[in-house]
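Accompanying notes for the structure given below.
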Amino acid sequence: MAEISNICGVQPEGFVKIDISSDPNFVFENDLNYAAKQLFDLEGNTVFVNSYLECQHYVLGGWDYTPLKNSEILLQESLLYVVTALLVITYIKNIAARFINR
Amino acid sequence: MKTKKAGTIILLVLVVFIPWFNMDTSNDYSIPKVSQEDTSFYEVYPCKISLTEFILSNPESIYQNHFYFRPDNRSSIQCFGRISGVTVLQKGLETQFFISIGTSSLINLLLQAFIWIALFSFIPKNTNLKKNMDILKYKNLIILLTAYLLTFSIYAESRFYEKQLYLVDFQEIKSYVLIFLIFTLVVKNFVEMFVKRSENIVNYLPYMYLITGLFSGFNLSFFAIIFLYFGLQSNFIGIKNKLFSYTYIILSIWWLFNSKGSAFFNVGKLRGFTSSIFEFNANLFWIIFTYFLIKGIWRIYILNKNSFRFSLFTKNLSITSAILLILGVVSANLPIFNFINYYVLGLQRYGVESKTPFAFDEYSVKISWRGIFPSSETIGEFYGLCLLCLMFYVLNTSKVKLVHYVGIFTSSLGLYFSDNRTTMTLVFLSSLFYFFTIRKNTIKIERLKILYSLVIVLSFTFIYFIQSNISTNGYTFMSESVIAKALTFQKDYAVSSFSTLITSPDVSNVTSFMFGFISFLGYILNRSEMWGLFTARYNPTFNELLFGSGPLNFGQLYGEVPVNSPESLLLPHSSVLSYFLFIGLIPIGLLLFIFLKDLYANRANSELLLFSIYISINIFKNDSMNYFSPFVMYTILYLILRNKKDLLNIGKASPQQQIKTN
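In the order they appear, the protein sequences are chains A and B.
Per the working numbering, the first sequence starts with residue 4, numbered consecutively.
Per the working numbering, the second sequence starts with residue -9, numbered consecutively.
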């Protein structure tokens, strides 16, 4: 829920959640009071949403990535590999030094 | 060797400065000057402009005191070294610009650790690298355990870290894997660096006041790593102190059993040596941390006590004192260096903003000046300690160098700036006492008697003058000053159990007299307000009063009883009160008994005696033992002085020591 309010903003008063999955022909209506938002999925695809309901629907469906978030996750993963590599190098260096000292 | 050192210096300079050049090369921004009217550029383009670009566009930010550079630890990795936001505040007539600089906490761990390890490499290596192979036993296992313990602290204090780590999900194990690996890398490299230089560590302790070593965005001290390592190792190789261990374990069971509820504490300037929350997991971490810290200090002392060289120690004290003063002045006058010092030295608090250390307020009272250290009183204590040690050294040896004179000058100046009057008085009295006692062969008992009598007469005159300034009847007024202040702070609907206990008509005469006397001392030391505030807040159960609520945890004190907003600082302003809260009356009483017994047994050791009196009075009226550096420094220095009966031999190793070393 915190993720939805972060991306879509505050839930409008009197908002009623509709189960859209049960209606494959559902058409989202634009909310004139709602500022359009750009959403991203994991692969970087993008979509504009024009109502809180539409935004909520997409976010719950996995369109909750932002470019910044994507890049941060990627950088954290890269950091993980770099740190692992550095650790391996440090240990190998130590083992090698021990053998040389023998 | 020299080439290697030069290489390290170049690398260090690069690592310190390069991150602030991290610019967005994909766009060409026209960076406007930051102004009171318009900061929209920085709102539209957060994390696009590097700190260097900002400074080039706003060169006045280097020296104008209304610019404040602040680290933004909860920013993305990409944002590191860039401007993540600018806030304008109006304070009176002054417009203040707060410039947030992206300093991702995860990167801080690596970058700051690298800087400190590189600085640590300047400590000379051990003379015999193969000596003390014991310290390498179980090394890799202990490194992993230390890293695990540090990672556990992130989990235990996740409420604190939620505000410090960007996009780290504290519910997911994989978030901890990254943190654990970073800690392992840091611990591994630091331990490798340390074991080659362990001998000299006791001589280089003063630098801990300069390089506090707190990771930006973490409630952890870099230097704690080494004490945890040695603490864990002493357990692994079977060095046992049964009395301490069993007592501590029994107390720990009580503390853990008592850890109910949850109370958050804003760590502020105590960061790195206090828990941010009173909860089971956090309490568990700080209990383990304190146990291994104490064991680690003991082990490092045992391993390296013979390497202590008083000449080198006083030299390092002098250098530290001078650098602290210089950096304090630089930080106060150049905002950008205030930030760089905060980050590179891992400070607990930003450097002081007051430009001139000679300032007086409108009532002609000296304004205390703390430089880059978080507390003016504690840094005053450090300068006083520096003067004491230099006095021990200068009066005992003919090998006084220029650096020692520099130390005397800068420490005196620093002590004056800090305006710690108790320390000034103590240093003066200690000098008098020491001057009379060092002439061991020609010592005249009569002379000592005269000195003691003089001190007593002076004390009574002092008390008399204080009394004469008070309209009500002297001692009674002073002995009730703490409780009078407590009553002004406490709310009618929330009265603490401690306050109730000491104001109760049923309280015994002994308790009443003791609290009255402490209150009297508090009045003389200008602590009535702070101790009154502590009394209004302290709400222990009977068992908590006797055995405390857990080491280094203020959460319960600050979270249980609401008080009327105080005008003074929130901390108790007495390490004794803090430790009374942590470990309770009985362990405090036992520690005091052991300390006094030990002091009596070593009464012939005048250096230890003076040092102990100096430290005891200071920790009685100050929070210094709540900071990591003084805690470690005082403990190790006490242990060292305790074993050094003749200070003259401290400059050189005695023949027996040399044999042992070889």
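Each residue gets a CB set at the ideal place from its N, CA and C atoms; glycine is no exception.
Computed from a predicted structure; not experimentally measured.
By the beta-carbon neighbour count (other beta carbons within 10 angstroms, threshold 16), proline 364/B is buried.
A straight line joining the alpha-carbon of glycine 286/B with that of isoleucine 125/B spans about 12 Å. Pairing proline 36/B with leucine 535/B, the inter-Cα distance amounts to about 51 Å.
At a cut-off of 8 Å between beta carbons, lysine 20/A makes no contact with chain B.
Taking one beta carbon from each stretch, the stretch 265 to 280 of chain B and the stretch 537 to 545 of chain B have 3 or more pairs nearer than 8 Å; the two touch.
In the DSSP secondary-structure assignment, threonine 85/B is bridged to Gln80/B. Not one beta carbon of chain B lies nearer than 8 Å to the beta carbon of leucine 42/A. With a beta-carbon spacing of about 4 Å, serine 565/B and methionine 615/B fall inside the 8 Å limit used to define contacts.
Against chain B, the CB of glutamate 75/A has a partner CB under 8 Å away; the residue lies at that interface. Residues of the same chain with a CB within less than 8 Å of the CB of glutamate 57/A, apart from the 5 flanking positions on each side, are Phe31 in chain order. At the C-beta level, isoleucine 216/B and phenylalanine 184/B come within 8 Å of one another.
Under the Cβ distance rule, serine 66/B counts among the residues neighbouring chain A, one pair being separated by less than 8 Å.
About 14 Å separates the beta carbon of leucine 317/B from that of proline 196/B, a gap too long to meet the 8 Å contact definition. Of all C-beta pairs linking the stretch 512 to 528 of chain B to the stretch 474 to 494 of chain B, three or more are shorter than 8 Å, placing the two stretches in contact.
With 16 or more other Cβ atoms inside 10 Å of its own Cβ, glycine 404/B counts as buried. Rounded to whole angstroms, phenylalanine 88/B and tyrosine 424/B show a C-alpha spacing of 50 Å. Interface residue (Cβ-Cβ distance to chain A less than 8 Å): leucine 175/B is classified as such. Residue contact check for leucine 90/A against chain B: a CB pair falls below 8 Å. A Cβ-Cβ distance of about 17 Å is found for the pair threonine 29/B and serine 65/B, leaving them out of contact under the 8 Å criterion.
At a cut-off of 8 Å, the C-beta of isoleucine 132/B has no neighbouring C-beta in chain A. Chain B places a beta carbon closer than 8 Å to that of threonine 87/A, counting this residue as a contact.
Rounded to whole angstroms, the Cβ separation of isoleucine 73/B and isoleucine 39/B is 5 Å, and the two are in contact under 8 Å. Only those residues of the stretch 157 to 175 of chain B whose C-beta falls short of 7 Å from the nearest C-beta of chain A are listed: Leu157, Leu168, Leu171, Ile172, Thr174 and Leu175. In this structure, the CA atom of alanine 39/A is about 20 Å from the CA atom of leucine 45/A. With a cutoff of 8 Å on beta-carbon distance, tyrosine 68/A and aspartate 34/A are scored as not near each other. Residue nearest to asparagine 248/B within the set Leu547/B, Arg593/B and Gly538/B is Gly538/B (criterion: CA-CA distance). Judged by DSSP secondary structure, valine 19/A falls outside any alpha helix (DSSP H); it is assigned neither H nor E. Here glutamate 371/B is not near threonine 415/B, since their CB atoms are 8 Å or more apart. Below the 9 Å Cβ cutoff, chain A contributes Leu90, Thr93, Tyr94 and Asn97 as neighbours of lysine 178/B, in chain order. Bounds of the alpha helix (DSSP H) holding leucine 378/B are 366 to 384. In the structure shown, aspartate 124/B falls within a helical segment according to DSSP collapsed to helix, strand and coil.
Annotated three-state conformation of serine 47/B is helix, per DSSP. A straight-line Cα-Cα distance of about 40 Å links isoleucine 292/B and proline 347/B. Against chain A, the beta carbon of leucine 477/B has no neighbour under 9 Å; the closest one sits roughly 44 Å away. The distance from the Cβ of isoleucine 326/B to that of isoleucine -1/B is about 21 Å, inconsistent with a contact at the 8 Å cut-off. Apart from sequence neighbours up to five positions away, the residues of its chain that approach asparagine 595/B with a beta-carbon distance below 8 Å are Leu631, Arg632, Lys634 and Lys635, ordered along the chain.
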